[in-house]
Amino acid sequence: MTEHIIIVECDGERLDKFIANAELGLSRSSAVNLIENGAVFVNKCAANKKYKLKTNDEVKVIIPDPVEYEAKAENIPLDIIFEDEYLLVVNKPKGMVVHPAVGNYEGTLVNALLYHCKNSLSGINGVLRPGIVHRIDKDTSGLLIVAKNDFAHASLAEQIKEHSFTREYEAIVYGNLKDDSGTIDAPIGRNPNDRKKMCVTSKNSKNAVTHYSVITRYKGYTHIKCNLETGRTHQIRVHMAHIGHPVSGDMVYGVKSEKVAFEGQCLHARKIGFVHPKTAEYMEFNSELPKYFSAYLSKLEKISK
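Counting in my numbering, the sequence shown runs from 846 upward without gaps.
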């Protein structure tokens, strides 16, 4: 790890641009990553990438030692729903990390994909995220699309950007929702007090929209369906916690001591729809609720009688 202290000589430059231009060998995106991961301080305080620097500000940049790592193929079974020469749709189990990162360099979806697809994965997101167009959390189960070449990746990424993807989730949330359906339109950004968490905030955030509807009500819990307009990090978990109904079993945003013993985070990416990059055909796929989710519903049915 290397620390750099830089004194600002003039007003007005954005923090991320300043760092990228500070001859530290960092790109603009690398500078943003360091800022978002709490490795940049202005006058000994964490600051956001849009902060406008002032003359004599002290900027400290902490650059971690480089990690030489390339994802390795592992023979891990995959539940593949659809596959052709352009893409595949996979049903990810709860507990599997999508791509390698610090603390999780093995046993990820990417490790399994490298074994299954060999060299047929897009390279747009680099050696640690080949084929990965979008992600779901480690403890969220359900459907993901994987690009097998850069053409498919670019097309799918543009659909995500334009919010034209169909993404439908099912969740069990704590408490009984007042309305049978609703929309949560609240921007999401990094929690200023904990960089590993997200929160609803107007500062340094992006718009986020979640539509929800009730499937079944239970004693103290509600089974819901959620449709996403946007795809922010932890979006459903943050939005439902924001309105007082966190996802059951969520150890980050949820109720720490629930009335019913949960089966882990009850959030499943049930449906996904998109336009095929080559054929321009709209395709939609569904997955059954996994055993952990169904078992929890059965438990709630018993206590609600």
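Beta carbons: idealized from backbone N, C-alpha and C, even for Gly.
Shown here, N866 sits in coil according to DSSP, grouped into three states, outside any helix or strand.
Within the stretch 930 to 977, the complete beta strand (DSSP E) segments of 3 residues or longer fall at 932 to 937, listed in chain order. Each residue's CA atom was taken as its position, placing N866 and S875 some 12 Å apart. In the three-state scheme derived from DSSP, where H, G and I count as helix and E and B as strand, E1133 is classed as coil.
A997 places its beta carbon less than 8 Å from that of S967.
In this structure, I990 sits near I1117, with a CB-CB distance shorter than 8 Å. Counting C-beta atoms within 10 angstroms of its own C-beta, M1085 has 16 or more neighbours from the protein chains shown and is therefore classed as buried.
At least 8 Å separates the beta-carbon of P975 from that of V943. In the structure shown, D924 adopts coil according to DSSP, grouped into three states.
Taking a C-beta distance under 8 Å as the contact criterion, L898 and N936 do not qualify as a contact pair. Distance between L958 and D924, taken at the CA atoms: about 11 Å. Under the Cβ criterion (8 Å, minimum of three pairs), the stretch 1052 to 1060 counts as touching the stretch 1021 to 1039. In terms of CA proximity to R1012, R1115 leads the group I908, K894, D1024 and R1115. For D1039, the pairing in a beta bridge is given by DSSP as N1036. Under DSSP, G1118 shares a beta bridge with T1011 and E1129. The C-beta distance from E903 to N920 rounds to 51 Å, too long to fall under 8 Å, and the pair is not in contact. S1047 and F863 have their C-alpha atoms some 24 Å from each other.
Bounds of the alpha helix (DSSP H) holding N878 are R873 to E881. Here the C-alpha atom of V1120 lies approximately 30 Å from the C-alpha atom of K917. Spanning the alpha carbons of I908 and G870 requires a straight line of approximately 10 Å.
Take the alpha-carbon of P938 and the one of S986: they are about 5 Å apart. Taking a contact as a CB-CB distance under 8 Å, the pair Y1014 and V1100 does not count as one, their CB atoms being some 19 Å apart. A direct Cα-to-Cα measurement between A1140 and A892 gives close to 45 Å.
K1070: member of the beta strand (DSSP E) spanning Y1066 to L1073, first to last residue. A direct Cα-to-Cα measurement between E848 and A1002 gives close to 35 Å. DSSP places R1062 inside the beta strand (DSSP E), whose first and last residues are V1054 to Y1063.
The continuous beta strand (DSSP E) containing I1029 extends over residues S1026 to D1030. Sequence-distant partners of H1068 (beyond 5 residues in either direction) whose C-beta falls short of 6 Å from its own C-beta, in its chain, are I1017, I1060 and T1061.
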